[in-house]
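See below for the structure under consideration.
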């Protein structure tokens, strides 16, 4: 135990040991330290090390605090998934299948959007075993609620750009989910 006590005395700051070291070592030698005394020496050494300001100690302490805060936040915040897709429609191709149904790209887009957001389409995507989407949510809440969350976070916007002699319309679709 005395060897451990001497080692712990060396953990105290150098300027403190210069001033009080000999007396402190004599006191520890005379008292025959037990485990409680060893623990008190360790606690005192740590307290003394942090009571004397020093940039390296501060940097290490703040780094450890940052790592712990980052880990805590990463486990506390829900995961966020973003899925993005771009659909391109070239005007002549879209208008070749029944012209009365696909008068223009906007109508075709609205028809596709309705089909994509249908309960059947979204439930087949969510329940596809290859994708295994939202496993934790599916265990807790009904599938209909998950589908409604997907519909609520679904965003689409129209991009228009010119391609050679025809006009190509693109629709950017994105879905954001937390889980």
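In this note's numbering, the protein residues as written are 1 to 179.
Think of the CB as a built atom: it goes at the ideal place given N, C-alpha and C, for glycine as much as any other residue.
Predicted model, so just to flag it, every value in this text is computed and none were measured.
{"Item": "Tell me which same chain residues have a C-beta within less than 7 Å of the C-beta of residue 29, skipping the five on either side of it?", "Value": "2"}
{"Item": "Which residues in the same chain as residue 68 place their Cβ atom closer than 6 Å to its Cβ, once the five residues preceding and following it in sequence are excluded?", "Value": "none"}
{"Item": "Mind checking if residue 8 is an interface residue toward chain B, Cβ cutoff 8 Å exclusive?", "Value": "As a matter of chain content, chain B is missing from the structure shown, which is built from one protein chain."}
{"Item": "Note down the Cα distance separating residue 82 from residue 155, rounded to an integer number of angstroms.", "Value": "11 Å"}
{"Item": "When burial is assigned at 16 or more other CB atoms within 10 Å of the CB, is residue 8 buried or exposed?", "Value": "buried"}
{"Item": "On the DSSP letters alone, give me the boundaries of the alpha helix (DSSP H) that residue 62 sits inside.", "Value": "55 to 76"}
{"Item": "Does the beta-carbon of residue 5 have 16 or more other beta-carbons within 10 angstroms, so that it is buried, or is it exposed?", "Value": "buried"}
{"Item": "Have a look at 11, 133 and 127 and flag the residue whose alpha-carbon is nearest the alpha-carbon of residue 45.", "Value": "11"}
{"Item": "Could you compute how far the alpha carbon of residue 14 sits from the alpha carbon of residue 48?", "Value": "10 Å"}
{"Item": "Quick check: the Cα distance between residue 145 and residue 118, rounded to an integer number of angstroms?", "Value": "13 Å"}
{"Item": "Check residue 26 in the structure and name its three-state DSSP category.", "Value": "helix"}
{"Item": "What three-state label does DSSP hand residue 147 in the structure shown?", "Value": "helix"}
{"Item": "Do residue 131 and residue 147 count as a contact pair if the criterion is CB distance below 8 Å?", "Value": "no"}
{"Item": "Just the Cα atoms here: how many angstroms apart are residue 86 and residue 71?", "Value": "35 Å"}
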